[in-house]
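Student: With the working numbering, the residue at position 567 of the sequence shown is 704, and numbering never jumps. Where is the CB? At the ideal position from N, CA and C, for every residue including glycine. Computed from a prediction, not measured in an experiment: that's the story for all the values here.
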Amino acid sequence: MQILKGTPVSPGIVIGEAFLLDFEEFRMPRRAVEPEAIEAEVQRFENAVDRVVAEISEDVKRLEESMPDGDLHLIFNGHIAIVRELVPTVVDSIRKYRFTPEHAVSKKIRQTIKLLTSRDDPSGFAARIVADFTDVEKRLLRVLFGRRGDSKSGAAGKSIVFARDLTPSQTMALDRTKILGFVTEFGGKTSHTAILARAHGIPAVVGIADVTREVSGGDTVIVDGTKGILIVEPDGETLKKYRALEKSFISFEKRTAEEMRAQPSETRDGIAVALLANIELPEEAKGAREFGAGGIGLFRTEFLYFDARNLPTEKEQFEKYRSVLQAMDGRPVTIRALDIGADKDVAGIASPERNPFLGLRGIRLLFERMDLFRTQLRAVLRASAFGKARLMFPMISTLEEVKQAKAIVADVREELDAEGASFDPEMPIGVMIEVPSAAIAADILCSEADFLSIGTNDLVQYVMAVDRVNEKIAPLYQPGHPAVLRLLRSVIDAGARAERPVAMCGEMSGDPLFTALLLGFGLRSFSVVPSAIPEVKKVLRSVTIAEAKQIAQDALALPDAHQVVEYLTEKTKRIIPELF
Numbered sequence: 138m139q140i141l142k143g144t145p146v147s148p149g150i151v152i153g154e155a156f157l158l159d160f161e162e163f164r165m166p167r168r169a170v171e172p173e174a175i176e177a178e179v180q181r182f183e184n185a186v187d188r189v190v191a192e193i194s195e196d197v198k199r200l201e202e203s204m205p206d207g208d209l210h211l212i213f214n215g216h217i218a219i220v221r222e223l224v225p226t227v228v229d230s231i232r233k234y235r236f237t238p239e240h241a242v243s244k245k246i247r248q249t250i251k252l253l254t255s256r257d258d259p260s261g262f263a264a265r266i267v268a269d270f271t272d273v274e275k276r277l278l279r280v281l282f283g284r285r286g287d288s289k290s291g292a293a294g295k296s297i298v299f300a301r302d303l304t305p306s307q308t309m310a311l312d313r314t315k316i317l318g319f320v321t322e323f324g325g326k327t328s329h330t331a332i333l334a335r336a337h338g339i340p341a342v343v344g345i346a347d348v349t350r351e352v353s354g355g356d357t358v359i360v361d362g363t364k365g366i367l368i369v370e371p372d373g374e375t376l377k378k379y380r381a382l383e384k385s386f387i388s389f390e391k392r393t394a395e396e397m398r399a400q401p402s403e404t405r406d407g408i409a410v411a412l413l414a415n416i417e418l419p420e421e422a423k424g425a426r427e428f429g430a431g432g433i434g435l436f437r438t439e440f441l442y443f444d445a446r447n448l449p450t451e452k453e454q455f456e457k458y459r460s461v462l463q464a465m466d467g468r469p470v471t472i473r474a475l476d477i478g479a480d481k482d483v484a485g486i487a488s489p490e491r492n493p494f495l496g497l498r499g500i501r502l503l504f505e506r507m508d509l510f511r512t513q514l515r516a517v518l519r520a521s522a523f524g525k526a527r528l529m530f531p532m533i534s535t536l537e538e539v540k541q542a543k544a545i546v547a548d549v550r551e552e553l554d555a556e557g558a559s560f561d562p563e564m565p566i567g568v569m570i571e572v573p574s575a576a577i578a579a580d581i582l583c584s585e586a587d588f589l590s591i592g593t594n595d596l597v598q599y600v601m602a603v604d605r606v607n608e609k610i611a612p613l614y615q616p617g618h619p620a621v622l623r624l625l626r627s628v629i630d631a632g633a634r635a636e637r638p639v640a641m642c643g644e645m646s647g648d649p650l651f652t653a654l655l656l657g658f659g660l661r662s663f664s665v666v667p668s669a670i671p672e673v674k675k676v677l678r679s680v681t682i683a684e685a686k687q688i689a690q691d692a693l694a695l696p697d698a699h700q701v702v703e704y705l706t707e708k709t710k711r712i713i714p715e716l717f
């Protein structure tokens, strides 16, 4: 049994088989084979070895013919040696432990890689050998899976996905109905993996260094997304303990959801608070309704652009936006304009940059790609005729950007009007507050914006100068830091003075730890992942505004993030002890 610690990003406990997304081309089959099938599996493995050796030999022959004076063929001769050295150990694992050939191969090679990488290697020799072993593993598994095994998309069972990291396009391509949990080597609390996991109630742990080398496909693993713990190959007693904890957590989640669904979103003293949902896909609107969302506070539109070879047409976008507006049946839907760049890179749209988080992203990119911007604006405006739509611009840093964006919207309105198209001419236009300049000058932006929405994911990283997806400095990403809290309060105050609605759609708004604090600051509109709605509602229904203001005042008096979190944890623990 091995216990590894990472960053908890989505609560819950799951137990299942590991699936290495970054490596496996197919889902790893079950680890054990039936006794009567052992010799057939040994034969299948030996046949795969013969085929791989033949493939490598062909590569060697081609190299010798094309580069007779070179020595690259020696590398591939080494691969043949590695394959042959694997045979006795893998066959023994099949016969002794009833491992499938796939699992036995992966297990043995990863043990070897772990040993190689544990040594000091100033010459880089070990790294080259690791690459050789990895190449051999891929060849063997490709042949084995070519004869047997289901592809990822067609796998029958659920599994826990392991990856070095997950890009937005990768996460969007996953069949979420077949995922029990996520574990990654990179990322932090606001990485795309974390956001996706929380949105779908999938337990997740990120930031475990070299985890894809520690785990083999098919291993039994436990993921505790509440405490940030991964347990590999647990013993019987540990399995029993965590199965009970898993059952208890599921029961708590279900009970809270049922209890809160029909309850009004208001404080204990009857002050109404808007509780909206963040979604990435149109079909998630239905789930948001089921959790009791009062609307959509953030509809991310990047999902439409992940295949840069087939950019969405105006008609395709219009139909997606209209479907969400109709699903929400008169409730507000805030559509964020395309926010590509930084950690949401799309090949062919956003070009590689030296410092992408400070580069051409959000509204800056839209101004550069007017074709994308105007097409999206036309689709959003046309969809606004079918519900209560609101438009929001990302990564605003200056008043001039707001004015320029609104001028483009006005031009598109005139264009649609001339065509006789229907749209809401009064559709509200707001801005994201996610860079310090926008937060500090929020009162100025209110002169042009109909509403503000605080994006804490980026705002915290820019205030703290911390890359929010870099696991090496994850502890420095501190939403509870006094500087962040003071800035948040000033934005909310600016909106109140200008009589402009202020919402929060960042991950901080969906963390029950900060609910009472934000209420005390004056925030009256929270937009969270749908699965977080019950817990946030439970907290806000348990406090009065006077109590929330006192909590906010006490928290602001504390000198550092650690003390703030401790204080808020103690307050929240009294309301939802099951979360701690």
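How about glutamine 541 and phenylalanine 494: do their beta carbons lie closer than 8 angstroms?
Tutor: Within the sequence shown, residue 541 is the residue found at index 404, counting from 1. Within the sequence shown, residue 494 is the residue found at index 357, counting from 1. Not a contact, by the Cβ cut-off of 8 angstroms.
Student: Report yes if the CB atom of alanine 579 is closer than 8 angstroms to the CB atom of isoleucine 566, and no otherwise.
Tutor: If you number the sequence shown from 1, residue 579 lands on position 442. If you number the sequence shown from 1, residue 566 lands on position 429. It is not a contact, given that the beta carbons lie outside the stated cut-off.
Student: Measuring CA to CA, which of Phe213, Val342, Arg279 and Ala241 is closest to leucine 223?
Tutor: Along the sequence shown, one-based indexing puts residue 223 at 86. Of the candidates Phe213, Val342, Arg279 and Ala241, the one whose C-alpha sits nearest the C-alpha of leucine 223 is Ala241.
Student: On the criterion of 16 or more Cβ atoms from any shown chain inside 10 Å, does methionine 507 qualify as buried, or is it exposed?
Tutor: Numbered from its first residue, the sequence shown carries residue 507 at position 370. It counts as exposed.
Student: Report all residues from its chain with a CB closer than 7 angstroms to the CB of arginine 501; omit the five preceding and five following residues, and keep chain order.
Tutor: Position 364 of the sequence shown, counted from the start, is the residue given in the question as residue 501. Met532.
Student: So within the stretch 662-710, which uninterrupted alpha helix (DSSP H) runs reach at least 4 residues, ignoring any that extend past its ends?
Tutor: With a minimum length of 4 residues, the continuous alpha helix (DSSP H) runs that stay inside the stretch 662-710 are 670-677, 682-693 and 698-710.
Student: Pop quiz: leucine 528 and alanine 474 are said to be a contact at Cβ under 8 angstroms. What is the actual Cβ separation, rounded to whole angstroms?
Tutor: Numbered from its first residue, the sequence shown carries residue 528 at position 391. Numbered from its first residue, the sequence shown carries residue 474 at position 337. The Cβ separation is near 7 angstroms, so the contact holds.
Student: Below 8 angstroms, can you find three or more Cβ-Cβ pairs linking the stretch 656-669 to the stretch 696-714?
Tutor: Judged by Cβ distances under 8 angstroms, the stretch 656-669 makes no contact with the stretch 696-714, as fewer than three pairs qualify.
Student: Residues in its own chain within less than 7 angstroms of isoleucine 515 by CB, not counting five upstream and five downstream?
Tutor: Start at 1 with the first residue of the sequence shown, and residue 515 comes out as number 378. Looking at the sequence provided, one finds arginine at residue 515 rather than isoleucine. For arginine 515, where only same-chain residues beyond five positions count, the Cβ hits under 7 angstroms are Glu451, Val549 and Leu553.
Student: Could you give the uninterrupted runs of the alpha helix (DSSP H) lying entirely in the stretch 581-666, keeping only those of 4 residues or more?
Tutor: With a minimum length of 4 residues, the continuous alpha helix (DSSP H) runs that stay inside the stretch 581-666 are 593-601, 619-635 and 649-658.
Student: Measure the beta-carbon distance from methionine 641 to serine 590 and round it to whole angstroms, keeping in mind my assumption that it falls under 8 angstroms.
Tutor: In the sequence shown, the residue the question calls residue 641 occupies position 504. In the sequence shown, the residue the question calls residue 590 occupies position 453. About 7 angstroms; that satisfies the 8 angstroms criterion.
Student: I need the DSSP call for glutamine 400, collapsed to helix, strand or coil.
Tutor: Start at 1 with the first residue of the sequence shown, and residue 400 comes out as number 263. The answer is coil: DSSP assigns glutamine 400 none of H, G, I, E or B.
Student: Just list the alpha helix (DSSP H) runs in the stretch 513-560, keeping only unbroken ones of 4 residues or longer that don't cross its boundaries, in chain order.
Tutor: Listed in chain order, the complete alpha helix (DSSP H) runs (minimum 4 residues) inside the stretch 513-560 are 536-556.
Student: Is the beta carbon of alanine 586 sitting closer than 8 angstroms to the one on valine 628?
Tutor: By one-based count along the sequence shown, residue 586 stands at place 449. By one-based count along the sequence shown, residue 628 stands at place 491. Cβ distance not < 8 angstroms, so alanine 586 and valine 628 don't count as in contact.
Student: What are the start and end residues of the alpha helix (DSSP H) that includes leucine 462?
Tutor: Stepping through the sequence shown from its first residue, residue 462 is reached at position 325. That run of the alpha helix (DSSP H) goes 451-465.
Student: Helix or strand or just coil, what does DSSP make of proline 371?
Tutor: One-based indexing of the sequence shown puts residue 371 at position 234. The answer is coil: DSSP assigns proline 371 none of H, G, I, E or B.
Student: Per DSSP, what are the beta-bridge partners of serine 93 in this structure?
Tutor: The structure shown does not extend to residue 93, since the chain is modelled only from 138 through 717, so no value can be given for it.
Student: On the three-state DSSP scale, how would you describe glycine 431?
Tutor: Stepping through the sequence shown from its first residue, residue 431 is reached at position 294. Reduced to three states, the DSSP call for glycine 431 is coil.
Student: Could you pull the start and end residues of the alpha helix (DSSP H) that threonine 363 belongs to?
Tutor: Walking along the sequence shown from the start, residue 363 turns up at place 226. That residue, threonine 363, is in no alpha helix (DSSP H); it is neither H nor E in DSSP.
Student: Alpha helix (DSSP H) containing serine 147: first to last residue?
Tutor: Along the sequence shown, read from residue 1 onward, the residue named residue 147 stands at position 10. Per DSSP, serine 147 belongs to no alpha helix (DSSP H); it is in the beta strand (DSSP E), 144-147.
Student: Does chain D have any CB closer than 8 angstroms to the CB of glycine 647?
Tutor: In summary, chain D is missing from the structure at hand, where a single protein chain is found.
Student: Between the alpha carbons of tyrosine 458 and alanine 633, how many angstroms are there, rounded?
Tutor: Numbered from 1 along the sequence shown, position 321 holds the residue referred to as residue 458. Numbered from 1 along the sequence shown, position 496 holds the residue referred to as residue 633. Cα to Cα, tyrosine 458 sits roughly 30 angstroms from alanine 633.
Student: With DSSP as the reference, label isoleucine 217 as helix, strand or coil.
Tutor: Stepping through the sequence shown from its first residue, residue 217 is reached at position 80. Helix, per DSSP.
Student: Note the first and the last residue of the continuous alpha helix (DSSP H) segment covering isoleucine 566.
Tutor: What you label residue 566 is simply residue 429 of the sequence shown in a count that begins at 1. It is not in any alpha helix (DSSP H) - isoleucine 566 instead sits in the beta strand (DSSP E) that spans 566-570.
Student: Rounded to the nearest angstrom, what separates valine 621 and leucine 596 at their Cα positions?
Tutor: Translated into positions along the sequence shown, residue 621 becomes position 484. Translated into positions along the sequence shown, residue 596 becomes position 459. For valine 621 and leucine 596, the distance between alpha carbons rounds to 8 angstroms.
Student: Near methionine 138, what residues of its chain come up, given a Cβ to Cβ distance below 8 angstroms and the 5 sequence neighbours on each side ignored?
Tutor: Translated into the one-based positions of the sequence shown, residue 138 becomes position 1. Ile368, Val369, Glu370, Pro371, Asp372 and Thr375.
Student: Is isoleucine 250 helix, strand or coil when you go by DSSP?
Tutor: Mapped onto the sequence shown, residue 250 falls at position 113. Helix.
Student: Opposite asparagine 112 in the DSSP bridges: which residues?
Tutor: Coverage of the chain is limited to positions 138 through 717, which leaves residue 112 absent and any answer about it impossible.
Student: Candidates Leu277, Arg232, Gly215 and Lys233: which alpha carbon is nearest serine 243's?
Tutor: In the sequence shown, residue 243 corresponds to position 106, counting from 1. Looking at the Cα atoms, Leu277 is the closest of the given residues.
Student: Where do the N-terminal and C-terminal ends of the beta strand (DSSP E) with isoleucine 713 fall, by residue?
Tutor: Counting from 1 along the sequence shown, the entry for residue 713 is found at position 576. It is not in any beta strand (DSSP E) - isoleucine 713 carries neither H nor E in the DSSP assignment.
Student: Does the beta-carbon of leucine 380 have 16 or more other beta-carbons within 10 angstroms, so that it is buried, or is it exposed?
Tutor: As a first step, residue 380 must be located in the sequence shown, where it is residue number 243. Residue 380 is actually arginine in this sequence, not leucine. Arginine 380 is exposed by the Cβ-count criterion.
Student: Roughly how many whole angstroms lie between the Cα atoms of isoleucine 472 and alanine 430?
Tutor: On the sequence shown, position 335 is the one that residue 472 refers to. On the sequence shown, position 293 is the one that residue 430 refers to. Each residue's Cα considered, the two are about 16 angstroms apart.
Student: Just mark leucine 252 as buried or exposed, buried being the case when its beta carbon has 16 or more other beta carbons within 10 Å.
Tutor: Taking the sequence shown and counting its residues from 1, one reaches residue 252 at position 115. Burial call: exposed.
Student: Rounded to a whole number of angstroms, what is the C-alpha to C-alpha distance between leucine 705 and serine 679?
Tutor: Here residue 705 is taken as the residue at index 568 of the sequence shown, counted from 1. Here residue 679 is taken as the residue at index 542 of the sequence shown, counted from 1. Answer to the nearest angstrom: the Cα atoms are 14 angstroms apart.
Student: When you compare the CB positions of glycine 432 and arginine 468, do they come within less than 8 angstroms of one another, or not?
Tutor: The sequence position of residue 432 within the sequence shown is 295, counting from 1. The sequence position of residue 468 within the sequence shown is 331, counting from 1. It is a contact, given that the beta carbons lie within the stated cut-off.
Student: Report the CB separation of alanine 464 from lysine 423 in whole angstroms; it is logged as a contact under 8 angstroms.
Tutor: For the purposes of this step, residue 464 is taken as residue 327 along the sequence shown, with counting starting at 1. For the purposes of this step, residue 423 is taken as residue 286 along the sequence shown, with counting starting at 1. Contact flag correct, Cβ pair sits at about 6 angstroms.
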